[in-house]
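A.B. asks:
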Amino acid sequence: MRRISEAVEEEVRRTAFLEGALADGLINYSALARRLRPRLERQLLRKVSVAAIGMALRRLEPRVARRTGPRPKGGAPELTVRSNLMEFTFRNSPTLRAKQRRLLARLANRPDAFVTYTQGVSEAMLIVSADLERAVEELFRGEARVATLRHLSAVILRLSPAIVRTPGAYYRILKQLAWENINIVDVVSTYTEFTIVLDDSQVGAAFAVLREARPVADTT
847 MRRISEAVEE EVRRTAFLEG ALADGLINYS ALARRLRPRL ERQLLRKVSV AAIGMALRRL
907 EPRVARRTGP RPKGGAPELT VRSNLMEFTF RNSPTLRAKQ RRLLARLANR PDAFVTYTQG
967 VSEAMLIVSA DLERAVEELF RGEARVATLR HLSAVILRLS PAIVRTPGAY YRILKQLAWE
1027 NINIVDVVST YTEFTIVLDD SQVGAAFAVL REARPVADTT
């Protein structure tokens, strides 16, 4: 027979933000137990008391806290904002990379230009300063375009190298934005930089949230 504790843990792990809130001690056990009770009774095919569910939640909290890790120490991350950006998405093709190289060659004397290029299995994404729209249109003429997005900004977080070996570090960053109902258009990362692309209208709110973020301890 399946135990109540197993069913409770499964519900917590598959519910958005619930695991993090439990680890942070933000959960009212009785209220959550009442909410989970009908679902658990359907799964377990028997009656379950609110007290039993609450007890399972209390026992689960220390394990969740260990799994999500301690609150990171250190200061807030270094932030940079770049505005007036555009995003182009193309279907992959044999000629796409050559056109990317030509664009980068043209920008050799433009160190201020914002350019990031990501190629996936079937699509490639190019984010550039909006004043490069004409150059992109010219150089990538003939390529199958999937989408064009305008009025974008990027918030770039400079992080500790410890980020690459910290489970859940990016989750902590994105969770804070989701809690504030901030929509993310795209994310791009390098070894110590994490770039979040948003609509212009939301960059101010995102910057305010991320300024207080502590996603990973600075161990450098």
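Under the numbering used here, think of the first position of the sequence shown as 847, with each following residue one higher. C-beta: ideal position from N, C-alpha, C; glycine also. Only a predicted model underlies this, so the values are computations on that prediction, with no experimental measurement involved.
Rounded to whole angstroms, what is the Cα-Cα separation between Glu855 and Leu864?
C.D. replies: Rounded to the nearest angstrom, the two C-alpha atoms are 11 angstroms apart.
A.B. asks: If we call anything under 8 angstroms between Cβ atoms a contact, is Glu933 one with Val1043?
C.D. replies: Cβ atoms of Glu933 and Val1043: closer than 8 angstroms.
A.B. asks: Below 8 angstroms, how does it come out for the stretch 1012 to 1026 and the stretch 964 to 973: are there three or more Cβ pairs, yes or no?
C.D. replies: No: the two stretches stay apart, fewer than three of their Cβ pairs being nearer than 8 angstroms.
A.B. asks: Can you look up Ile833 in the DSSP assignment and give me helix, strand or coil?
C.D. replies: Residue 833 lies beyond the residue range present for the chain, which begins at 847 and ends at 1066; the question has no answer from this structure.
A.B. asks: Assuming Ala1000 is part of the beta strand (DSSP E), what are its boundary residues?
C.D. replies: Ala1000 -> beta strand (DSSP E) spans Arg991 to Arg1004.
A.B. asks: In terms of alpha-carbon separation, which member of Ala976, Leu925, Pro940 and Ala954 lies closest to Val1137?
C.D. replies: Residue numbering for the chain in the displayed model covers 847 to 1066; residue 1137 lies beyond these limits and cannot be assessed.
A.B. asks: Ser1082 by DSSP, collapsed to three states: which one?
C.D. replies: No answer is possible for residue 1082: the residues shown for the chain start at 847 and end at 1066.
A.B. asks: Asp1046 and Val1031: beta carbons closer than 8 angstroms?
C.D. replies: No; because the gap between Cβ atoms is not below 8 angstroms, this pair is not in contact.
A.B. asks: Quick one: using the 10 Å Cβ neighbour count with 16 as the cut-off for buried, is Val858 buried or exposed?
C.D. replies: Classification for Val858: buried.
A.B. asks: Assign Met971 to buried or exposed, taking buried as 16 or more other Cβ atoms, counted over all protein chains shown, within 10 Å of its Cβ.
C.D. replies: Met971 should be labelled buried.
A.B. asks: When you compare only the Cα positions, how much space is there between Phe986 and His997?
C.D. replies: Distance between the alpha carbons of Phe986 and His997: 20 angstroms.
A.B. asks: Per DSSP, what kind of secondary structure is Tyr875 in: helix, strand or coil?
C.D. replies: DSSP places Tyr875 in helix when its eight states are reduced to three.
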